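*Asks:*
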Amino acid sequence: MIDKLEGALGFYQDALNLRHERQKVLASNIANGDTPNYKARDIDFAQELSRVQQGTARQPVALSTTSPMHIGKPLADGSQTRELLYRVPAQPSLDGNTVDMDSERAQFTDNAVRYQTSLVMINSRIQGLKSAMQPE
Amino acid sequence: MSMFSIFEISGSAMSAQSQRMNVTASNLANADSVAGPDGQAYQAKQVIFESQMQGQQGVGGVRVSKVVEDPTPMREEYMPEHPLANEQGYVTMPNVEPVHEMVNMITASRSYQANVEVLNTSKQLMLKTLTLGEG
């Protein structure tokens, strides 16, 4: 039963999680719009979602350690395994910052709307399941 | 805590931008202050932004790492009747450039607005998420 629910809602849950993470990255870009040498980042949503779907979330690249004094491996909690890409700037700026505020805000709004779309999809899915469970 | 980190990110940017606006206001207010508490003319100040990394990934807010004094030379004005004039009749005036300060202020307020927008959008999304499945 729970397994079926997971199957029915799992995809949207993954999508929502990913949207939220992308929202965070874009918020960070906007926050650092005036920071010298900050490089704008982004997530390739389609690629990450298919990766999550295949259950092959990327393991962070780690050096093998042979001594406890070596620099440690990245956290193994699996939460920080998204591949963050760098944005290619359309116009160079003198201070080395690659945030294009207009495009970031457009992307942010776009991502917010898509997040809401996922929410609506989950909601209608839940409503569908609920009405299927009604005894008439 | 990850749910609320967007608030942290935008909040840090808003506080950094408002500090920048404070510094601009101080510069503009003191554009003609020929003598401060130390007897020297006011020196323009600038904030230095630095990104604040959370964890090993490049996502995070921003903070003001330090407030530096503008190194440009002070303005010398010829006012022989002024009590603070030197032997040649020149008074040392602050090196505040009002045009630069205005540009700085407008940029800071635009960035502040952008971050408020981010915060509002995230809040709406989060509230909508809370009502998930209610119908």
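Residue numbers (UniProt numbering), protein chains in the order written: chain X, 1 to 136; chain Z, 1 to 135. Using N, Cα and C, we set each Cβ at its ideal position, and we do this for glycine too. Bear in mind that the values here come from a model prediction, so they are computed numbers and not experimental data.
Give the straight-line distance between the Cα atoms of M133/X and D110/X, rounded to the nearest whole angstrom.
*Replies:* Straight-line Cα distance between these residues: approximately 35 Å.
*Asks:* Which residues, in order along the region 14-29 of chain Z, keep a beta-carbon less than 7 Å from a beta-carbon of chain X?
*Replies:* Residues: none.
*Asks:* N27/Z: buried (16+ other C-beta within 10 angstroms of its C-beta) or exposed?
*Replies:* Buried is the call here.
*Asks:* Comparing C-alpha positions only, which one of P80/Z, H100/Z, E117/Z sits nearest to A31/X?
*Replies:* Closest by alpha carbon: E117/Z.
*Asks:* Measure the C-alpha to C-alpha separation of R51/X and S109/Z and round it to an integer number of angstroms.
*Replies:* Near 40 Å, if we compare the C-alpha coordinates of S109/Z and R51/X.
*Asks:* Distance cutoff 8 Å, beta carbons only. Does R105/X sit that close to anything in chain Z?
*Replies:* By this cut-off, R105/X is an interface position.
*Asks:* Just to confirm, are N115/Z and Q17/Z a CB contact at a threshold of 8 Å?
*Replies:* Yes, they are a contact pair.
*Asks:* Leaving aside the five residues before and after M53/Z along the sequence, list all residues of the same chain whose C-beta is less than 7 Å from its C-beta, in chain order.
*Replies:* Result list for M53/Z: G60, in chain order.
*Asks:* Identify the continuous beta strand (DSSP E) that holds residue 211/Z and give its terminal residues.
*Replies:* Here chain Z comprises residues numbered 1 to 135, so residue 211/Z is not present and cannot be evaluated.
*Asks:* Which residue wins for smallest C-alpha separation from Q19/Z, given the options L84/Z, E77/Z, F49/Z?
*Replies:* Considering only alpha carbons, the answer is F49/Z.
*Asks:* My output table needs one value for D34/X: the three-state DSSP class, helix, strand or coil.
*Replies:* Three-state result, D34/X: coil.
*Asks:* Which class does T66/X belong to by DSSP, given the choice of helix, strand or coil?
*Replies:* Reduced to three states, the DSSP call for T66/X is coil.
*Asks:* Of all the residues that make up the region 15-27 of chain X, which are near chain Z by a beta-carbon distance shorter than 7 Å?
*Replies:* Flagged, chain order: Q23, K24, V25, A27.
*Asks:* Of all the CB atoms in chain A, is at least one closer than 8 Å to the CB of T35/X?
*Replies:* Going by chain labels, chain A is absent from the structure shown, which instead holds the protein chains X and Z.
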